[in-house]
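This report refers to the structure that appears directly beneath it.
In my numbering, the protein residues as written are 134 to 379.
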């Protein structure tokens, strides 16, 4: 293909390599856009959860994640769990405080009372006592925190309390306590920031906002565009005067 004083002469190997790399870069960009859509759906679900408050008890059926709820009962401070390897908004290490909540009328619920920092050493556990008086708690329905990658076998949880655990499941905590009558409404409740007897509570959907995925997608598409430009420039050859006259 002749373009003015230059001729486009792509080589088979570089063409094949460019097509493969271009496909990879575009696929990565599209994957990031799909991730952005998924993240946006999660953030939208989080926002919709505050539209109404649902009272829950032992017989409440499963609720949507992030549904705002309220329950009446009392805390059981004698059997609490500290979920290790949790960080605050500034990346500081600490624990989530998970406290069993005895529902009025029977049954149990888990309440995440917020984040507390690690002490001077791991042997020095935070003081997390709470009164067992009747109260009404309000918060958001949520899942138990989960790791990005699960490594190794699960350790069996056992007293003394408070038990320190790495990403325990709802079933593992239920087996630890043990209780059989757990509400099916939610795995646990993230205690609202204005509720008493809580710690640091800056609840938001897990992970980063969708705009970061969009930024990554733009980077991948930008690299794809740069690859096309480089491919085009490096395969243009100047036509000599002799060749032009011929």
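Backbone N, C-alpha and C fix where the C-beta goes; we use that ideal spot for every residue, glycine too.
For residue i, the residue or residues it bridges with in DSSP
i, result
"residue 272", "202, 324"
"residue 186", "201"
"residue 333", "248"
"residue 207", "235"
Residue i versus residue j: straight-line alpha-carbon distance, rounded
i, j, result
"residue 242", "residue 223", "29 Å"
"residue 289", "residue 305", "8 Å"
"residue 235", "residue 261", "17 Å"
"residue 264", "residue 294", "16 Å"
"residue 161", "residue 352", "10 Å"
"residue 378", "residue 140", "Caution applies to residue 378, whose pLDDT of 46 falls short of 50 and renders its modelled position unreliable; the model cannot decide the point."
"residue 367", "residue 361", "10 Å"
"residue 357", "residue 229", "43 Å"
"residue 275", "residue 155", "40 Å"
"residue 208", "residue 354", "52 Å"
"residue 375", "residue 147", "With a pLDDT of only 44 at residue 375, under 50, the local geometry of the prediction cannot be trusted, and the value read off the model is given with reservation. Using only the alpha carbons, I get a separation of about 27 Å."
"residue 301", "residue 311", "14 Å"
"residue 325", "residue 212", "21 Å"
"residue 365", "residue 341", "37 Å"
"residue 256", "residue 149", "59 Å"
"residue 142", "residue 152", "16 Å"
"residue 145", "residue 171", "39 Å"
"residue 180", "residue 369", "53 Å"
"residue 185", "residue 303", "25 Å"
"residue 292", "residue 237", "26 Å"
"residue 254", "residue 221", "18 Å"
"residue 359", "residue 169", "23 Å"
"residue 189", "residue 280", "28 Å"
"residue 337", "residue 307", "25 Å"
"residue 363", "residue 167", "28 Å"
"residue 216", "residue 187", "26 Å"
Presumed contact (8 Å Cβ cut-off) between residue i and residue j, rounded CB distance
i, j, result
"residue 333", "residue 247", "5 Å"
"residue 203", "residue 287", "Not confirmed; about 32 Å, so no contact."
"residue 193", "residue 313", "17 Å between Cβ atoms; not a contact."
"residue 232", "residue 200", "20 Å between Cβ atoms; not a contact."
"residue 182", "residue 273", "6 Å"
"residue 271", "residue 328", "6 Å"
"residue 227", "residue 191", "With a Cβ gap of about 31 Å, residue 227 and residue 191 do not count as contacting."
"residue 198", "residue 178", "6 Å"
The ligand GDP heavy atom lying under 7 Å from the CB of residue i
i, result
"residue 314", "This structure lacks the ligand GDP; in fact it carries no ligand of any kind."
Cβ-Cβ distance between residue i and residue j below 8 Å
i, j, result
"residue 206", "residue 277", "no"
"residue 322", "residue 244", "yes"
"residue 250", "residue 225", "yes"
"residue 176", "residue 343", "yes"
"residue 80", "residue 299", "Only positions 134 to 379 of the chain appear in the structure, and residue 80 is not among them; the question remains open."
"residue 158", "residue 319", "no"
"residue 349", "residue 165", "yes"
"residue 309", "residue 297", "no"
Closer than 8 Å to chain D by CB, residue i
i, result
"residue 181", "Protein chains in the displayed structure number just one, and chain D is not present."
Jot down the residue ranges of each uninterrupted beta strand (DSSP E) in the segment 212-247, minimum 3 residues, whole runs only, in chain order.
214-220, 226-236
Which runs of the alpha helix (DSSP H) spanning at least 4 residues fall entirely within the segment 291-323, listed in chain order?
303-309
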